[in-house]
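**Student:** Below is one structure. I have some questions about it.
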Amino acid sequence: MPPAPHDRRCLQACHRRKRLQAVNSNAGKQQESYEKKPPALSLPTEVACAIFEEASKASPFSTGGVSLPGRELFAISQVCKAWRDIALDYSILWTTFAHSDRGPVKGLNRRTILHRLELHMQRSRGRPVDLWVDTLSPRLSDGFYGAFVRHMDRWRRASFKINPSAVGVLQSTVQSIVASNLESFKCVPSHDNALPHFHFLSLRLNAPKLATLHTEFRVLRYWHPSTVIRELEFNQWSYEDSDRLPWSTFLDVISSSTLSKLTLRALKGGTMFKLPTEADKARRVDTNLERLYCSDPRVAEAMWGFIRSARRLQGLSFDSLGVYSKWDILQVAMDNGFDLLEKNTHRRFPALNSVFLINCSISKANFECLAKMTPRVAALGVTASRTMNEMPVDVLMSREEKIGERIVWPTLKIIRANIKDLKRAQYNSYSGFLLRRSRMEKHCNSCKLLLYTPEADLWKEKDAEGWGKLLNAGVVCDAGERVMGERL
Numbered sequence: 069m070p071p072a073p074h075d076r077r078c079l080q081a082c083h084r085r086k087r088l089q090a091v092n093s094n095a096g097k098q099q100e101s102y103e104k105k106p107p108a109l110s111l112p113t114e115v116a117c118a119i120f121e122e123a124s125k126a127s128p129f130s131t132g133g134v135s136l137p138g139r140e141l142f143a144i145s146q147v148c149k150a151w152r153d154i155a156l157d158y159s160i161l162w163t164t165f166a167h168s169d170r171g172p173v174k175g176l177n178r179r180t181i182l183h184r185l186e187l188h189m190q191r192s193r194g195r196p197v198d199l200w201v202d203t204l205s206p207r208l209s210d211g212f213y214g215a216f217v218r219h220m221d222r223w224r225r226a227s228f229k230i231n232p233s234a235v236g237v238l239q240s241t242v243q244s245i246v247a248s249n250l251e252s253f254k255c256v257p258s259h260d261n262a263l264p265h266f267h268f269l270s271l272r273l274n275a276p277k278l279a280t281l282h283t284e285f286r287v288l289r290y291w292h293p294s295t296v297i298r299e300l301e302f303n304q305w306s307y308e309d310s311d312r313l314p315w316s317t318f319l320d321v322i323s324s325s326t327l328s329k330l331t332l333r334a335l336k337g338g339t340m341f342k343l344p345t346e347a348d349k350a351r352r353v354d355t356n357l358e359r360l361y362c363s364d365p366r367v368a369e370a371m372w373g374f375i376r377s378a379r380r381l382q383g384l385s386f387d388s389l390g391v392y393s394k395w396d397i398l399q400v401a402m403d404n405g406f407d408l409l410e411k412n413t414h415r416r417f418p419a420l421n422s423v424f425l426i427n428c429s430i431s432k433a434n435f436e437c438l439a440k441m442t443p444r445v446a447a448l449g450v451t452a453s454r455t456m457n458e459m460p461v462d463v464l465m466s467r468e469e470k471i472g473e474r475i476v477w478p479t480l481k482i483i484r485a486n487i488k489d490l491k492r493a494q495y496n497s498y499s500g501f502l503l504r505r506s507r508m509e510k511h512c513n514s515c516k517l518l519l520y521t522p523e524a525d526l527w528k529e530k531d532a533e534g535w536g537k538l539l540n541a542g543v544v545c546d547a548g549e550r551v552m553g554e555r556l
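In the working numbering, each number is its position in the sequence shown, counted from 1, plus 68.
Here is the structure:
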C-alpha cells in the first residue's frame with residue numbers, strides 16, 4: 069500500500085534536508101580548498117627560479133643546436149599571475165634566445181619571432197644576451213642581423229647560420245658601435261645561394277672581449293682580430309684565386325700571443341693563402357697554438373719550415389689532404405729552401421702528442437718526415453687514410469725498426485682507427501705492427517688499438533683468429549659506441 073500523502077511529504081522533506089546538508093558540507097570543503105594554495109604556488113621564490121632555469125637551460129651553444137629552448141619561458145610566464153611575476157622579474161631566464169626553422173617555434177611568423185626577441189631584450193634587463201639563429205628565410209635572416217646591429221652592446225655570444233637577401237643588412241658597417249660584451253661570434257651561410265650576399269668587406273667588429281671567431285677567411289683582409297682571440301675557425305667559400313690572402317697573413321695569425329686553437333676548412337682542392345714570397349721565406353715565427361685542424365693543403369705542406377717554435381702545440385688534425393693533389397711536405401720545403409730533417413728539428417714541437425689523419429693520402433717518405441719532426445706523438449688517429457698503397461702502420465714498422473735500430477714514434481701508445489673499409493691484408497698490417505711493438509718494450513712503448521664497437525665486431529667477424537691473438541696480447545680494445553659528432 070503506498071504511503072499516505074502526509075507521510076510522502078515528510079519523506080520528501082527529509083531528503084531535501086539531507087541534500088542541503090551535503091551541499092553545505094561540500095561548500096565548506098571547496099572554500100577550504102580555495103583558501104589553501106596549490107603546492108607549486110607555495111614554493112619559495114628561489115626554488116621556483118631554480119625550477120624555471122632548469123626547464124629552459126638547454127643552450128644551443130652547449131648542445132650544438134641539438135636541443136633548443138623555445139616555448140618553455142613563455143609557457144612558464146603564462147601559468148598564473150604568481151609564476152608570471154617571478155619569471156618576468158628573474159632576468160637570467162631571458163639571457164638566451166634561440167631560433168631554428170626546425171625548432172619548437174618553427175610555425176611562428178617572422179613578426180612574432182622578432183617580437184619575441186625584443187621581449188627577451190627587455191626582460192633580460194641589461195644583462196648580456198646569447199643569440200643563436202639557424203634559418204633559410206632571407207627576410208628573417210635580415211631581421212635577425214638587423215637586431216644584432218641595433219643591440220650591438222648587449223650580445224655575449226652570437227651565432228648566425230643565415231641566408232641574407234641581396235639588399236640585407238649584412239652590407240651595413242658596424243665598426244662605429246662597440247660590442248662591449250661580445251665574447252663569441254659566428255656567421256656562416258645556411259644555404260649555398262647565400263654566399264654572394266655575405267658582404268664581409270664591411271665587417272668591423274669593435275669587440276674588446278672577443279675570444280672566439282668563426283666565419284669566412286676573407287674577413288682577415290680588412291680586419292685583424294684583437295689580441296684576446298683564443299679560438300679562430302675560418303671557412304673557404306670561393307675558389308677564386310683573387311680571394312686568397314698573402315702567406316704573411318697566415319704567419320701573422322699563428323704569431324698571436326693568445327691564440328690557442330685554429331681551424332682552417334678549405335674547399336676540396338682549394339687553398340686560402342698565396343704562395344710565400346721571397347720576403348715571407350725569410351720569416352720564422354713562434355706560436356702559442358695548442359690545437360690545429362687543417363684541410364688547407366698549402367698550410368699543411370708549408371707551415372713546417374716557417375714555425376721556429378711551437379712549444380704548446382699538442383694536437384694536429386689533417387683532413388682530406390693528398391686526395392686532390394699530392395701532399396708533399398719534403399718537396400715544398402726544398403722549394404722554399406728549408407731543411408726539415410736537420411738535427412734539432414724535433415725540438416720545435418716538444419709538446420705535440422697527437423696526430424689525426426682524416427681521409428688523407430701521404431707518401432711513405434713524407435709520413436716518415438712527419439714522424440721525425442714530431443717524435444713525442446703518443447696518439448695516432450687514422451680514418452680512411454693511406455700512405456699511397458699502404459697503411460700508416462706499414463710505415464711505422466720499417467725494416468730498421470724491426471731490429472731495434474730506428475723506432476718511429478717510440479712513445480706511441482694508442483691508435484684510434486676506423487677500419488670499416490679495410491681488407492684482409494690491412495688487418496694483417498695492424499696485427500703485425502701491434503704484436504711486434506708489444507715485443508719491443510725495451511725500445512718503445514707497447515701500442516694499443518682502440519676500435520668502436522661496430523668496428524670491433526667487424527674485425528671479429530672477418531678475422532676471428534687475428535682478433536684473438538691481439539686480445540690475448542692486450543694490444544686491442546673495444547672503445548664502446550661512437551659519440552655523436554666524433555670524427556674517429
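Note that CB positions come from ideal geometry on N, CA and C, so glycine has one too. Remember, predicted model here, so these are calculated numbers, not experimental data.
1) Please report the straight-line C-alpha distance between D546 and L288, rounded to a whole angstrom.
2) Among the residues of its own chain, which have a CB less than 6 Å from the CB of F165, if the five just before and after it don't count?
3) Can you tell me which residues form a DSSP beta bridge with C362?
4) Taking C-alpha atoms, which residue in R484, I426, A155 and C437 lies nearest to I475?
5) CB-CB under 8 Å to L263, same chain, minus the five flanking residues each way: which ones, in chain order?
6) Could you tell me if M441 is buried or exposed, where buried requires 16 or more neighbouring beta carbons within 10 angstroms of its beta carbon?
7) Out of W527, N412, D396 and D221, state which residue places its alpha-carbon closest to the alpha-carbon of L278.
8) Give every residue of the same chain whose Cβ lies closer than 6 Å to the Cβ of T479, excluding the five residues on either side of it in the sequence, and list them in chain order.
9) Closer than 6 Å by C-beta to L250: which residues in its own chain qualify, once you throw out the five before and the five after it? Chain order, please.
10) Am I right that F253 and A226 are in contact with their C-beta atoms under 8 Å? What's the rounded C-beta distance?
11) Can you find the residues in the same chain that come closer than 6 Å, C-beta to C-beta, to F212, ignoring five residues on each side of it along the sequence?
12) Report the option in K530, S431, E369 and T355 whose CA atom is closest to the CA atom of Q382.
13) Can you tell me whether P522 is buried or exposed? The criterion is at least 16 other CB atoms within 10 Å of its CB, across all chains shown.
14) If you scan the stretch 248–306 from start to end, which runs of the alpha helix (DSSP H) of 4 or more residues do you find wholly inside it?
15) Could you check what DSSP says for W395 in three-state terms: helix, strand or coil?
16) Cutting at 6 Å between CB atoms, please list the residues of its own chain near V544, excluding the five before and the five after it.
17) Tell me, which residues are paired with C545 by DSSP?
18) Apply the 10 Å Cβ neighbour rule to N540 and answer buried if 16 or more other Cβ atoms are within range, or exposed otherwise.
19) According to DSSP, what are the bridge partners of L199?
20) For L389, tell me which candidate among A350, G373, S431 and S192 has the shortest Cα-Cα distance.
21) In angstroms, rounded to a whole number, what distance separates the CA positions of G542 and Y520?
22) Tell me where the beta strand (DSSP E) around G449 begins and ends.
23) Terminal residues of the continuous alpha helix (DSSP H) containing A150?
24) Quick check on the burial criterion: 16 or more other C-beta atoms within 10 angstroms. Buried or exposed for A419?
25) S422 bridges to which residues according to DSSP?
26) Identify which residue in S192, T180 and R178 has its Cα closest to the Cα of S159.
27) Looking at C-alpha atoms only, which residue of L384, N486, K481 and T203 is the closest neighbour of C362?
28) Near G534, which residues of its chain fall below 8 Å by C-beta distance, leaving aside the five closest residues on each side in sequence?
29) Rounded to a whole number of angstroms, what is the C-alpha to C-alpha distance between V391 and N427?
30) Could you check where the alpha helix (DSSP H) with S316 kicks off and where it finishes?
31) So, is E369 buried or exposed, given that buried needs 16 or more other C-beta atoms within 10 angstroms?
32) Contact defined as beta carbons within less than 8 Å: I believe T345 pairs with D364. What is the distance between those atoms, to the nearest angstrom?
33) Pull up the CB-CB distance for T331 and L281, whole angstroms please, since I reckon it's below 8 Å.
34) Using the three-state DSSP reduction, which class does R191 fall into: helix, strand or coil?
35) Would G536 be called buried (16 or more neighbouring beta carbons within 10 Å of its own) or exposed?
**Tutor:** Concretely, from the data shown:
1) Spanning the alpha carbons of D546 and L288 requires a straight line of approximately 44 Å.
2) L185, H188 and L199
3) In the DSSP output, where bridge partners are listed per residue, C362 has L332 and F386.
4) C437
5) P257, W305 and S306
6) buried
7) Out of W527, N412, D396 and D221, D221 has the C-alpha closest to the C-alpha of L278.
8) R444, A446 and N513
9) W223, A275 and L278
10) 5 Å
11) Taken in chain order, the residues that qualify are V201.
12) T355
13) That one is exposed.
14) Segments of the alpha helix (DSSP H) lying fully in the stretch 248–306: there are none.
15) coil
16) L517 and L538
17) L518
18) exposed
19) F165 and A226
20) S431
21) 16 Å
22) A447 to T451
23) K149 to D157
24) exposed
25) G383 and A447
26) S192
27) The candidate whose alpha carbon is nearest that of C362 is L384.
28) Y495, N496, S499 and W527
29) 8 Å
30) Counting along the chain, the unbroken alpha helix (DSSP H) around S316 starts and ends at W315 to I322.
31) buried
32) Not confirmed; about 18 Å, so no contact.
33) That pair is no contact at about 11 Å.
34) It is helical.
35) The residue in question, G536, is exposed, as its Cβ has fewer than 16 Cβ neighbours within 10 Å.
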